[in-house]
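Note sheet for the following structure.
Numbering (our numbering), first residue to last: -5 to 172.
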């Protein structure tokens, strides 16, 4: 993966930074996004060897932070709750896929939107994963729908659907539901 992917993710988040601002030396262990004016910093994805990216200055709606660990050998990101974000055929990666539910998409007939800032979405999904309960199985996927006991979507949704590959923590999608 390249610095251009990091730049693209920053653009998705509305934080237009050029690639030189996103690149960081491979020796860096933890990267604090606030130093770069970013609330979500994923760097060059492939240049952070054994490192972590900090997600959000508010994380789960409090002062906590969500950190994703990058696995260079698999090209995946893992959240503190254990969700694994890999490649996505339409968005490039599952992080961008889930973050697409941070804004409306008039091209889709059904597309729910989280009611939090984009930099808080992955932390909210992690919070839901910790409350997941038992899955419903549909083909090759497990579907979890924990009730968050609060409004999490722009249309009053109070639950979050998390779709993972059956028997894994590999996320396919996540979005608010009624």
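All C-beta atoms in this analysis are idealised placements derived from N, C-alpha and C, irrespective of residue type, glycine included.
Beta bridge counterpart(s) of residue i as assigned by DSSP
i	result
residue 136	131 and 158
residue 141	153
residue 170	154
residue 117	None; residue 117 has no bridge partner.
residue 164	78
7 Å Cβ shell around residue i - same chain, five flanking residues per side excluded
i	result
residue 129	136, 137 and 138
residue 141	152 and 153
residue 125	140
residue 158	135, 136, 164, 165 and 166
residue 75	120, 123 and 124
Straight-line Cα distance separating residue j from residue i
i	j	result
residue 56	residue 101	Note on residue 56: pLDDT 38, under 50, position unreliable in the model; no value is reported.
residue 68	residue 81	10 Å
residue 147	residue 108	4 Å
residue 117	residue 156	13 Å
residue 95	residue 113	12 Å
residue 86	residue 64	16 Å
residue 134	residue 103	24 Å
residue 88	residue 160	16 Å
residue 71	residue 105	24 Å
residue 150	residue 143	11 Å
residue 123	residue 84	23 Å
Cβ-Cβ separation, residue j to residue i (assumed contact under 8 Å), whole Å
i	j	result
residue 153	residue 92	Not confirmed; about 15 Å, so no contact.
residue 77	residue 165	5 Å
residue 120	residue 60	6 Å
Close-in-space but distant-in-sequence residues of the same chain around residue i (CB under 6 Å, 5 per side omitted)
i	result
residue 98	107
residue 73	62 and 120
heavy atom of the ligand FMN below 6 Å from residue i C-beta
i	result
residue 163	Among the ligands in the structure shown, none appear at all, so the ligand FMN cannot be discussed.
Sequence-distant residues of its chain with Cβ nearer than 8 Å to residue i (five each side left out)
i	result
residue 145	109, 151 and 152
residue 131	137 and 160
Identify every run of the beta strand (DSSP E) within the region 54 to 95, keeping only runs that are complete inside it and at least 3 residues long; order them along the chain.
60 to 65 and 70 to 72
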